[in-house]
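Presented below is the structure to which this report refers.
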Amino acid sequence: MNLQQSKNYPAQLVFINGQQTITNSLVVADYFGKRHSHVLRKIDEILADAPSEFTSAHFWANVQNQQVGTSQRDLKCYHLTKDGFMFLVMGFTGAKAAELKINFINAFNEAQKRLSRTTHPFERQRMMFTWEGGKIVSSQPINDDQFVTSRDKLVQYMREPRFLSLEQLLEISEAANQQIATLARLAEKQARLR
Numbered sequence: 001m002n003l004q005q006s007k008n009y010p011a012q013l014v015f016i017n018g019q020q021t022i023t024n025s026l027v028v029a030d031y032f033g034k035r036h037s038h039v040l041r042k043i044d045e046i047l048a049d050a051p052s053e054f055t056s057a058h059f060w061a062n063v064q065n066q067q068v069g070t071s072q073r074d075l076k077c078y079h080l081t082k083d084g085f086m087f088l089v090m091g092f093t094g095a096k097a098a099e100l101k102i103n104f105i106n107a108f109n110e111a112q113k114r115l116s117r118t119t120h121p122f123e124r125q126r127m128m129f130t131w132e133g134g135k136i137v138s139s140q141p142i143n144d145d146q147f148v149t150s151r152d153k154l155v156q157y158m159r160e161p162r163f164l165s166l167e168q169l170l171e172i173s174e175a176a177n178q179q180i181a182t183l184a185r186l187a188e189k190q191a192r193l194r
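For the sequence shown, the residue numbers in full-length UniProt numbering are 1 to 194.
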């Protein structure tokens, strides 16, 4: 999630990770309008004060590579379960904070409902939620062979070793060659018309 993302645009607040619903400190900071460093400091205080049995089950560090200005850098964040999230935001106060807490709780509950509807209790399911104005406006399951990407990253993913099978690469190559031939014919036809 881009830290500059406005709260008026769709945002993913809760993610499904195996059989758990989680969020992360970047999402919490962005959604609550807090500096990420302040959220990290609060989590560090929780990790120092709360029993390790609780914190190890509900908070875990993750390093994400983020674009900052013109360069890439590693950014530490924490993943949080619903219980970790609740423990963290209990100290956030005010009417706005109460509304935002409820939105997160509803997001966790919706994701958990979707997990519990699976026909196989240990089946892994990935979901994509779209949020607008703090409410879920759509959700859809994402199969293991599906992914969401930008056009710019598509070529990069195709170059990844073992990302696609030989058969898939040949099929893509054939489709690309057909498209190139069609575009070349159109360009040639347009050049003759000039």
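A virtual CB, placed ideally from N, CA and C, is assigned to each residue, including glycine.
Excluding five sequence positions before and after Gln64, the CB atoms of its chain that fall closer than 7 Å to its own CB belong to Leu75, Cys77, given in chain order. For Pro141 and Gln112, the gap between their C-alpha atoms comes out near 13 Å. Only residues of its own chain outside the window of five on either side were considered, and among them Leu88, Gly91 have a CB closer than 8 Å to the CB of Lys42, listed in chain order. Spatial neighbours of Thr55 in its own chain (CB-CB distance under 6 Å, excluding positions within 5 residues in sequence) are listed in chain order as Leu47. Contact annotation: Ala29 and Val39 have beta-carbon atoms nearer than 8 Å. Beta-bridge partners of His79 (DSSP): Asn24, Trp60. Assignment of beta-bridge partners to Gln67 by DSSP yields Gln72.
DSSP places Met158 inside the alpha helix (DSSP H), whose first and last residues are 151–158.
In this structure, the CA atom of Arg114 is about 26 Å from the CA atom of Ala61.
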